[in-house]
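**Q** Attaching a single structure in structure tokens format; questions to follow.
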Amino acid sequence: MQRFATLSLASLLMLGTFTAFAAESGDAPASGWHIDDSATKGAPGQQGMFDGVRLTEQQRQQMRDLMHQSRQDKPAFNAEDVKAMHQLVTAETFDEAAVRAQITRMMSVQLERQIQMTRVRNQMYNLLTPAQKEILELKHKQRMKEMQQQISMFNQMAAPAPGMTSQTETNNPE
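With mature numbering (1 follows the signal peptide of the UniProt record, and there is no 0) as the guide, the letters of the sequence shown map in order to residues -22 to -1, 1 to 152.
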């Protein structure tokens, strides 16, 4: 079971890495500037941090500048990490120490990316007026309420009904 969990985590990390790489090398113009309001939007399928908030042109420009600078400072994508993880996954024998070391290496880079992204979001947030911040706080509370409802529904679906046993418990009496 632990091996399965480790392989699942490794696969998830690889998928996340490929997704991040695809997003970085996507359809950005050669200058690195986006024509749309990408400075205020999240990834496709995600709500933008500032959706529903009317920004001034000056705020938009300052946010674009922050995003442009953060792209310049972003740690480079390392395809060798993905290649190394693939070799560990497809090896004849499972080397837990090597997998842990590789995942730790990949997670440290991801940690730095997350810290940088959070720093930029904080700087962008602090460009807002108190009224804009209040709108964001209300939207955040609403999203948290929706998330709690989704988690509650998921937990109810995942929990077995009272009196029910799983197939493995039925087949493996101990």
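We treat Cβ as the ideally placed atom computed from N, Cα and C, and that holds for glycine.
Keep in mind the model is a prediction, meaning the values are calculated, not measured.
Please give the ranges of any alpha helix (DSSP H) in the segment 88 to 128, keeping only runs that are unbroken, at least 4 residues long and fully inside the region.
**A** Qualifying alpha helix (DSSP H) stretches: none in this window.
**Q** Counting Cβ pairs, one atom from each stretch, are 3 or more of them under 8 Å apart for the segment 75 to 88 and the segment 105 to 113?
**A** Segments in contact, no.
**Q** Kindly indicate which three-state DSSP category Lys61 falls into: helix, strand or coil?
**A** Of the three classes helix, strand and coil, the one that applies to Lys61 here is helix, per DSSP.
**Q** Considering only the alpha carbon of each residue, which of Asn133, Met135, Ile129 and Arg121 lies closest to Asp29?
**A** Measuring from the Cα of Asp29, the nearest candidate turns out to be Arg121.
**Q** Taking buried to mean at least 16 other C-beta atoms within 10 Å of its own C-beta, is Gln127 buried or exposed?
**A** Gln127 comes out exposed.
**Q** Report yes if the CB atom of Met102 is closer than 7 Å to the CB atom of Leu44, and no otherwise.
**A** For Met102 and Leu44, yes; Cβs fall inside 7 Å.
**Q** Report, in whole angstroms, the separation of the C-beta atoms of Ala62 and Gln50, which I expect to be a contact under 8 Å.
**A** About 27 Å separates the two Cβ atoms, so there is no contact after all.
**Q** In the DSSP assignment, find the alpha helix (DSSP H) that holds Trp44 and state where it starts and stops.
**A** The question names Trp, but residue 44 is Leu in the sequence shown. From DSSP, the alpha helix (DSSP H) with Leu44 extends over Glu35 to Asp51.
**Q** For a test of the three-state rule: what should DSSP assign to Ala133, helix, strand or coil?
**A** The sequence shown places Asn at residue 133, rather than the Ala named in the question. Asn133: helix per DSSP, three-state reduction.
**Q** I'd like the list of long-range same chain contacts for Asn56, defined as Cβ closer than 8 Å, with 5 residues on each side in sequence excluded.
**A** Within the same chain, Asn56 has close Cβ partners Val87.
**Q** How many Å lie between Pro7 and Glu124 at the Cα?
**A** For Pro7, the predicted structure reports a pLDDT of 40, less than 50, and the residue's modelled location is therefore unreliable. The matter cannot be settled from this model.
**Q** For Met135 and Arg32, I'd like the C-alpha separation in whole angstroms.
**A** Looking at the two C-alpha atoms, the distance is approximately 39 Å.
**Q** DSSP three-state label for Val31, please.
**A** Of the three classes helix, strand and coil, the one that applies to Val31 here is coil, per DSSP.
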